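Asks:
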Amino acid sequence: MNVWGKGGDVRTNSALSYAVAILAVVAATFARQALQSVLPQGFPYLTYFPVVIMVAFAYGARPATLAAVLSGLCAWYFFIPPVWSFEIDLEVAVALAFYVLIVGMDILLIDALQKTARLVNDERLKTASLLDQQTLLFQELQHRVANNMQFAASLLRMQSKTVRNDPASAVEALSAARHRLEQFSRVHRRLYDPQAFEIPVGDHLRRMCADLSEATDSGHVTIDVDAPNIRLDMSRLTTLSMLTLELVSNSLKHAFEGIENPRIDITIAHADSAASYELLVVDNGRGLPDGFDPGASSRLGFRIIQGFGKQLGGTVVFENEGGARARLVFPAVTR
């Protein structure tokens with residue numbers, strides 16, 4: 008029987024604990040009666056003290072108090088002269104006062120000891136839980152660092168292929184790679200804030216776009232984000248953020264030359280199936296060139312976009328509709 012854990016609180020308030028206390032007092036009364044012939048006069052509480060202590064340990068203060076009251080009454084009635092009565096005189100009053108003092112202190116001390124033990128146990132469990140969380144966070148951090156390094160290596164590897172085909176573009180390629188890595192690092196710093204888990208996806212994207220607009224001096228472009236109050240796990244949120252970042256960066260870089268009131272609208276909504284979300288990134292710029300096939304393009308930006316789309320479980324589809332329009336349907340796996 009675990010008298011130190013939280014289970015003790017349940018037993019303290021159960022009918023069974025009070026029934027056991029009553030039965031224990033009855034047993035103590037019969038035991039005291041059986042010992043009547045071998046005990047000298049003056050030990051009316053001999054078998055009752057252990058009952059009160061054991062009930063206090065096993066079931067808590069309230070059943071122990073019931074056992075103490077019943078034990079005191081039984082000892083008074085059956086074993087304190089004149090027996091079979093509740094007559095009281097000074098000697099009886101002193102004996103009862105002595106009994107109340109002893110059992111009261113026993114119950115209070117045992118109850119305080121159990122409360123302290125429960126507090127220590129709760130703190131131990133909290134400490135163990137925090138340790139588990141720290142271990143998981145450390146493992147997640149290691150995993151993320153490895154993924155980020157792999158992404159940087161992949162980006163440089165793809166950029167190097169472009170340089171091999173056109174050595175004169177080396178400076179531009181390195182500059183583009185640096186720009187992407189800087190933007191992605193901003194995303195990671197913002198997402199790995201400890202409070203990021205509590206921020207909806209829409210707020211993440213708004214802050215990310217504000218950072219991008221400031222970094223590229225694109226304050227003249229209106230960027231609007233419309234997203235439901237959803238939350239994604241950190242891995243999917245990171246991928247979605249970097250995909251959106253690449254799409255918006257492409258629009259800012261290529262779409263708005265000669266366009267008045269440039270605008271980019273980012274929408275996340277439930278797709279035809281409630282089990283999926285739809286990401287739309289639409290600009291009012293010049294649109295894609297006629298006959299241009301983003302899926303077959305060798306441009307690094309489009310390959311990165313499709314790579315992120317596959318990580319989310321979908322394919323990014325591009326269209327011309329009053330500007331460039333990118334659409335991705337992906338499973339709605341939320342935390």
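Convert by adding 7 to the 1-based position in the sequence shown; the result is the number in my numbering. Note that CB positions come from ideal geometry on N, CA and C, so glycine has one too. Just so we're clear, the structure is a prediction, and the values are computed from it rather than from any experiment.
Check whether the Cβ atoms of SER242 and GLY292 lie closer than 8 Å to each other.
Replies: Result no, Cβ atoms of SER242 and GLY292 do not sit closer than 8 Å.
Asks: Touch check for the region 212-232 and the region 266-282: three-plus C-beta pairs under 8 Å?
Replies: The answer is yes - the region 266-282 touches the region 212-232, with three or more Cβ pairs under 8 Å.
Asks: Which same chain residues end up closer than 7 Å to PRO338 when comparing Cβ atoms and leaving out the 5 residues on each side of it in sequence?
Replies: Correct list, in chain order: ALA282, SER283 and GLY320.
Asks: What separation, rounded to the nearest whole angstrom, lies between the Cα atoms of PRO70 and ASP113?
Replies: Cα-Cα distance, rounded: 13 Å.
Asks: If you draw a straight line from the C-alpha of HIS261 to the C-alpha of ASP231, how long is it?
Replies: Rounded to the nearest angstrom, the two C-alpha atoms are 18 Å apart.
Asks: By the 10 Å Cβ neighbour count, where 16 or more other Cβ atoms means buried, how is PHE191 classified, buried or exposed?
Replies: PHE191 is buried by the Cβ-count criterion.
Asks: Out of VAL90, GLU130, LEU286 and GLY294, state which residue places its alpha-carbon closest to the alpha-carbon of ASP233.
Replies: Checking every option, the nearest Cα to that of ASP233 belongs to LEU286.
Asks: Out of THR223, THR36 and TYR106, state which residue places its alpha-carbon closest to the alpha-carbon of LEU252.
Replies: Among THR223, THR36 and TYR106, the Cα nearest to that of LEU252 belongs to THR223.
Asks: How many Å lie between ILE95 and ILE29 at the Cα?
Replies: Approximately 24 Å between the Cα atoms of the pair.
Asks: In the DSSP output, what is THR229 paired with across the bridge?
Replies: Note: THR229 sits in a beta bridge opposite ARG270.
Asks: Could you give the C-beta distance for SER78 and VAL99, rounded to a whole number, given that I count them as a contact under 8 Å?
Replies: Incorrect: roughly 15 Å between the Cβ atoms, too far for contact.
Asks: Compute the Euclidean distance between the alpha carbons of ARG342 and ALA35, then round it to the nearest angstrom.
Replies: Here ARG342 scores only 47 on pLDDT, less than 50, and its place in the model should not be relied on; the value that follows carries that caveat. Approximately 57 Å, taken between the alpha carbons.
Asks: What are the boundary residues of the beta strand (DSSP E) that GLU326 is part of?
Replies: Taken as a continuous stretch (DSSP letters only), the beta strand (DSSP E) holding GLU326 covers 324-327.
Asks: Can you tell which of ALA278, GLY294, LEU97 and GLU130 has its C-alpha closest to the C-alpha of LEU335?
Replies: Among ALA278, GLY294, LEU97 and GLU130, the Cα nearest to that of LEU335 is on ALA278.
Asks: Taking its Cβ as the centre, do 16 or more other Cβ atoms sit within 10 Å of GLN121, making it buried, or is it exposed?
Replies: GLN121 should be labelled buried.
Asks: How is PHE93 classed by DSSP in three states: helix, strand or coil?
Replies: In this structure, PHE93 counts as coil in the three-state DSSP scheme.
Asks: When DSSP builds the beta bridges, which residues end up paired with TYR66?
Replies: Beta-bridge pairing links TYR66 to no other residue.
Asks: Pick out the complete beta strand (DSSP E) segments inside the region 272-297, 3 residues or longer, and give them in chain order.
Replies: List check, beta strand (DSSP E) in window: 283-290.
Asks: At what residues does the beta strand (DSSP E) containing LEU46 begin and finish?
Replies: No beta strand (DSSP E) contains LEU46, which DSSP labels as neither H nor E.
Asks: Can you give the Cα-Cα distance for ALA74 and VAL208, rounded to whole angstroms?
Replies: If you take the alpha carbons of ALA74 and VAL208, they lie about 59 Å apart.
Asks: Taking the alpha-carbon positions, what's the SER225 to ASP290 distance?
Replies: The alpha-carbon atoms of SER225 and ASP290 are separated by roughly 14 Å.
Asks: With distances taken from CA atoms, which of VAL288, LEU244, ALA26 and LEU103 is nearest ARG328?
Replies: Here residue 328 turns out to be Glu, not Arg, going by the sequence shown. Checked all of VAL288, LEU244, ALA26 and LEU103; the closest Cα to GLU328 is VAL288.
Asks: Per DSSP, what kind of secondary structure is ALA124 in: helix, strand or coil?
Replies: In this structure, ALA124 counts as helix in the three-state DSSP scheme.
Asks: Going along the chain, which residues of its own chain have a beta-carbon closer than 8 Å to the beta-carbon of ALA82, five neighbours each way excluded?
Replies: Closer than 8 Å at the Cβ level, and outside the excluded window around ALA82, lie ARG39, PRO51, TYR52, TYR55 and TYR106.
Asks: In three-state DSSP terms, what is PRO235?
Replies: DSSP places PRO235 in coil when its eight states are reduced to three.
Asks: Here's the rule I'm using: 16 or more other beta-carbon atoms within 10 Å means buried, otherwise exposed. How should PHE315 be labelled?
Replies: By the neighbour-count rule (16 or more Cβ atoms within 10 Å), PHE315 is buried.
Asks: For ALA222, report the span of its beta strand (DSSP E) as first-last.
Replies: Taken as a continuous stretch (DSSP letters only), ALA222 belongs to no beta strand (DSSP E), being part of the alpha helix (DSSP H) at 208-222.
Asks: Less than 7 Å between C-beta atoms, sequence neighbours within five positions excluded: which residues of the same chain meet that for TRP11?
Replies: Annotation note: pLDDT 40 at TRP11 (below 50); position unreliable, no value reported.
Asks: Need the endpoints of the beta strand (DSSP E) that ARG243 sits in, please.
Replies: That residue, ARG243, is in no beta strand (DSSP E); its alpha helix (DSSP H) goes 241-261.
Asks: For a quick check, are the C-beta atoms of ALA41 and VAL62 less than 8 Å apart?
Replies: No. Outside cutoff.
Asks: Look up ARG306 in the DSSP assignment and say whether it is helix, strand or coil.
Replies: In the structure shown, ARG306 sits in coil (DSSP, three-state: anything other than H, G, I, E or B).
Asks: Give me the Cβ distance between VAL219 and SER256, rounded to the nearest whole Å; I'm assuming they're in contact under 8 Å.
Replies: First, the residue type needs correcting, since residue 219 is Leu and not Val in the sequence shown. The Cβ separation is near 7 Å, so the contact holds.
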